[in-house]
Amino acid sequence: GLLPCITTDADSGDVLMLGWMNEAALRLTIETGEAHYFSRARQVLWHKGATSGLVQKVVEARIDDDQDAVWLKVAVAGSGASCHVGYMSCFYRAVPTAEHAGQPLQFVESDKTFDPMEVYGDVPNPTQL
Numbered sequence: 012g013l014l015p016c017i018t019t020d021a022d023s024g025d026v027l028m029l030g031w032m033n034e035a036a037l038r039l040t041i042e043t044g045e046a047h048y049f050s051r052a053r054q055v056l057w058h059k060g061a062t063s064g065l066v067q068k069v070v071e072a073r074i075d076d077d078q079d080a081v082w083l084k085v086a087v088a089g090s091g092a093s094c095h096v097g098y099m100s101c102f103y104r105a106v107p108t109a110e111h112a113g114q115p116l117q118f119v120e121s122d123k124t125f126d127p128m129e130v131y132g133d134v135p136n137p138t139q140l
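Numbering (the numbering used here), first residue to last: 12 to 140.
As structure tokens, this is what we get:
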């Protein structure tokens, strides 16, 4: 099966992304000290940063009490971005709640650290901007 993996910046503690790991991704992450995930969209093993150069070096890896979720604390190479659309975090938008519910998503990161078209070219992007 797949395990959810929360990835945070080792220095700031900011949440960078939620990825998924199969057995091979978890094993490679442990063996290499670099984050590997399983892409549900592409159905392939994925070495984070292999294309962009923004490799996630694992500083610490933890597993939860049920051993069904992983938490990686990482140092990201290059610009430090972890989101494939160019932001530091995949959680770059805030969802308005309570009295603000129904309002548009709010961008909490305003500047991209790289241009995804320059890095990934025509590779299909499932992200809903």
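For glycine and all other residues, C-beta sits at the position ideal for the given N, C-alpha and C.
Enclosing alpha helix (DSSP H) for Arg38 [first to last residue]: Start and end: Glu34 to Thr43.
Through-space distance from Pro107 to Gly64, alpha-carbon basis: Rounded to the nearest angstrom, the two C-alpha atoms are 33 Å apart.
Between the CA atoms of Asp25 and Glu34 - distance to the nearest angstrom: The alpha-carbon atoms of Glu34 and Asp25 are separated by roughly 26 Å.
Expected contact under 8 Å - CB spacing of Cys145 and Ser93 to nearest Å: Shown here, the chain extends from 12 to 140; a query on residue 145 therefore has no answer.
Met99, buried or exposed, once every other Cβ within 10 Å from all chains shown has been counted against 16: Only buried fits Met99, as 16 or more other CB atoms lie within 10 angstroms of its CB.
For Ala72, three-class secondary structure by DSSP: DSSP, reduced to helix, strand and coil, places Ala72 within a strand of the structure shown.
Whole-angstrom distance between Asp133 and Ala80, CA atom to CA atom: Using only the alpha carbons, I get a separation of about 32 Å.
Under 8 Å between C-beta atoms of Ala105 and Gln117: Between Ala105 and Gln117, the C-beta spacing is below 8 Å.
Cβ separation of Ala86 and Val70, assumed to be a contact under 8 Å, to the nearest whole Å: Confirmed, about 6 Å.
When Thr62, Pro15, Ser23 and Gly113 are compared against Arg51, the one with the closest alpha-carbon: Of all alpha-carbon atoms in Thr62, Pro15, Ser23 and Gly113, the one lying nearest the alpha-carbon of Arg51 is that of Pro15.
Leu83, buried or exposed, once every other Cβ within 10 Å from all chains shown has been counted against 16: Within a 10 Å sphere around the beta-carbon of Leu83 sit 16 or more other beta-carbons, which makes this residue buried.
Sequence-distant residues of its chain with Cβ nearer than 8 Å to Asp22 (five each side left out): Excluding sequence neighbours, Asp22 sits near Ala86.
Reduced DSSP category for Ala105 - H, G, I as helix; E, B as strand; rest coil: Of the three classes helix, strand and coil, the one that applies to Ala105 here is strand, per DSSP.
Test item: CB-CB of His58 and Glu45 under 8 Å: Yes, the pair counts as a contact, with Cβ atoms nearer than the cut-off.
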